[in-house]
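Trainee: Numbering follows full-length UniProt numbering, with no gaps: position 71 of the sequence shown is 71. Each residue gets a CB set at the ideal place from its N, CA and C atoms; glycine is no exception.
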Amino acid sequence: MTPPHIAAQAGHADTAEILIQQKAKTKLTDRESRVALHLAAENGHWPCVETLLRPGHWADPKADIVWKKDGGHFRAFDYVVNRNKVKEVEEFIQILEDTADDGTEFVRGGSPLHVIARHENMDILRLLPDRGWKCDAKYTINATPLHKAVMHNFLRGIEDFDGKTALHIAAPRDKRPDVEYLVQKLGDIETAEISDMYASVIYECILRPEFNSELAEILVSRGLDVKRVTEPHFTALHAAYSKGRIDAVKWLMEKKKQNVNIPGCKHGTTVCVAVESETNAEEEVRLLREKGAYIDFVEENQPTALQRATSKANATLIDLFLNKRANVNLTGGDLDTPLNAAIQEESG
C-alpha cells in the first residue's frame, strides 16, 4: 500500500492532507486494485473521504477516483452502502454534492442498489432512488434492469441468478408494500428491458407453493404482460405447468385467457410441459384438454406428448391420450415411436 492508503485506512485526514500537498498520487492502487478512497469509505472515515475528494486535491485531475472500481468491482460508494447505515450513506452523498466541480450535478455511479441487497434495510433501498440513483441501472451485461441482487434483501440463501430483481423476490414472498414501491419507481420507464423484467417476475410468483393472485394482479395493473415470452416460446403458462401449480394455471387460463397451444421450443407445448411436470401432471393435462389443447402437436426434434408419457411409463396419461385418439405413430424428429419407447421402457 502507498502512504495515502495507510492514512486512509487508519482515518488520518491530516496525514492524508499533508501527503496530497506533497504531490502524493491518490489514483494509485493496492494489490486489490483499491485506491485510498476505497479504504477510507470502507472504514467509515468521512473526514478522510472529504479530504481525498476535496476540489484541487487530486494529483491527477483526470483520475476519476470517485467511481473507480476495485478488484471486486466495488466503488467507494458501494463500500459506504455496504456498511448498512443510512446516516453514513446520506453523509457520503452530501460530500459528493459539496465537492462537485463548480457546483454542477455530480455523477451517480456505482452499484449501490445491488450492494444493499445483502442487507435487510428498506430505508437505504428507498433513499437511493429518491436521491437520484436509477432503479434500472445495470450491474452486469446479463442483468436485467433494477438491482439484480436485491433478492438477498428479501430471501437469504437463494442462488443469485442473473436476471432476477427485487420484484422477482418481493412478489413471491408476499412483500406487498415493497412490490408496490418498486413497481411505482419503475412505472414511468418504458423500455424493452423493463417489459422483459415484468414478464419474468410472474415466474417467481408461480414458484410459490401457494400462488398469490392478488400480487400478480398488482403487477398486471402496472403493466406486467403475462403473455410475453422471456425466451423463445416460453410463457408464464409454461412455467406454471412445469411446476405443477394448478392454482396459477387456472388463473392464467381463466383470468388472462392464455393461449394453450403456443409452441414451447425446447420445452415443448403446454401439454408436453404438463406431462414433464413433477406434480399434478394428470390434472394439468385434463385442464388443457378442456381448453382445447392439441395433443398431436409436433415440434422439430421434440417428442410428442404421447412419447413423453410413454417414456415416463405414465399409464394414466397414456390412457388419457389414447382415449382422445392421439396418433400412436406420430414422432418428433428422429425419435422412437411410442410403441418402441414402451418396449424399451419395459425391457429396461
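Nearest to residue 109 by alpha carbon, out of 42, 330 and 73?
Mentor: What you label residue 109 is simply residue 109 of the sequence shown in a count that begins at 1. Checked all of 42, 330 and 73; the closest Cα to residue 109 is 73.
Trainee: Mind checking whether residue 318 and residue 310 have CB atoms under 8 Å apart?
Mentor: Taking the sequence shown and counting its residues from 1, the one referred to as residue 318 is at position 318. Taking the sequence shown and counting its residues from 1, the one referred to as residue 310 is at position 310. Contact: yes.
Trainee: Could you check if residue 55 is buried or exposed, using at least 16 other CB atoms within 10 Å of its CB as the buried criterion?
Mentor: What you label residue 55 is simply residue 55 of the sequence shown in a count that begins at 1. Its Cβ having fewer than 16 others within 10 Å, residue 55 is exposed.
Trainee: Indicate the three-state DSSP secondary structure (helix, strand or coil) for residue 283 in the structure shown.
Mentor: Start at 1 with the first residue of the sequence shown, and residue 283 comes out as number 283. Looking at residue 283 - three-state DSSP - the assignment turns out to be helix.
Trainee: Where does residue 31 land, buried or exposed, given buried means 16+ other C-beta within 10 angstroms?
Mentor: If you number the sequence shown from 1, residue 31 lands on position 31. Burial call: exposed.
Trainee: By the 10 Å Cβ neighbour count, where 16 or more other Cβ atoms means buried, how is residue 329 classified, buried or exposed?
Mentor: As a working mapping, residue 329 is identified with position 329 in the sequence shown. With fewer than 16 other Cβ atoms within 10 Å, it is exposed.
Trainee: Return the chain-ordered list of same chain residues with a C-beta closer than 7 Å to the C-beta of residue 19, the five sequence neighbours on each side being excluded.
Mentor: On the sequence shown, residue 19 is found 19 positions in, with the first residue counted as 1. These residues qualify, in order along the chain: 3, 4 and 7.
Trainee: Apart from the five residues just before and just after residue 115, which ones in its own chain have a Cβ nearer than 6 Å to its Cβ?
Mentor: Counted from its first residue, the sequence shown places residue 115 at position 115. Taken in chain order, the residues that qualify are 78, 81 and 82.
Trainee: First and last residue of the alpha helix (DSSP H) that includes residue 227?
Mentor: Within the sequence shown, the letter at position 227 stands for residue 227. That residue, residue 227, is in no alpha helix (DSSP H); it is neither H nor E in DSSP.
Trainee: Starting from the Cα of residue 281, find the closest Cα among 312, 42, 296 and 299 and give me that residue.
Mentor: Position 281 of the sequence shown, counted from the start, is the residue given in the question as residue 281. Closest by alpha carbon: 312.
Trainee: List the endpoints of the continuous alpha helix (DSSP H) containing residue 221.
Mentor: Within the sequence shown, residue 221 is the residue found at index 221, counting from 1. Looking at the DSSP string, the run of the alpha helix (DSSP H) that includes residue 221 is 213 to 221.
Trainee: Is the beta carbon of residue 50 closer than 8 Å to that of residue 93?
Mentor: The sequence position of residue 93 within the sequence shown is 93, counting from 1. The sequence position of residue 50 within the sequence shown is 50, counting from 1. No, they are not a contact pair.
Trainee: DSSP three-state label for residue 242, please.
Mentor: Within the sequence shown, numbered from 1, the residue matching residue 242 stands at position 242. Residue state, collapsed to three classes: helix.
Trainee: If we call anything under 8 Å between Cβ atoms a contact, is residue 124 one with residue 86?
Mentor: To locate residue 124, count along the sequence shown from 1; it is residue 124. To locate residue 86, count along the sequence shown from 1; it is residue 86. In this structure, residue 86 lies closer than 8 Å to residue 124 by Cβ.
Trainee: So, under 8 Å CB-CB, residue 246 and residue 284 are touching, yes? Tell me the CB distance rounded to an integer number of Å.
Mentor: As a first step, residue 246 is located in the sequence shown; it is residue number 246 there, counting from the start. As a first step, residue 284 is located in the sequence shown; it is residue number 284 there, counting from the start. Residue 246 to residue 284, Cβ: 7 Å. Contact.
Trainee: Please report how far the alpha carbon of residue 40 lies from the alpha carbon of residue 17, in whole angstroms.
Mentor: In the sequence shown, counting from the first residue as 1, residue 40 sits at position 40. In the sequence shown, counting from the first residue as 1, residue 17 sits at position 17. For residue 40 and residue 17, the distance between alpha carbons rounds to 13 Å.
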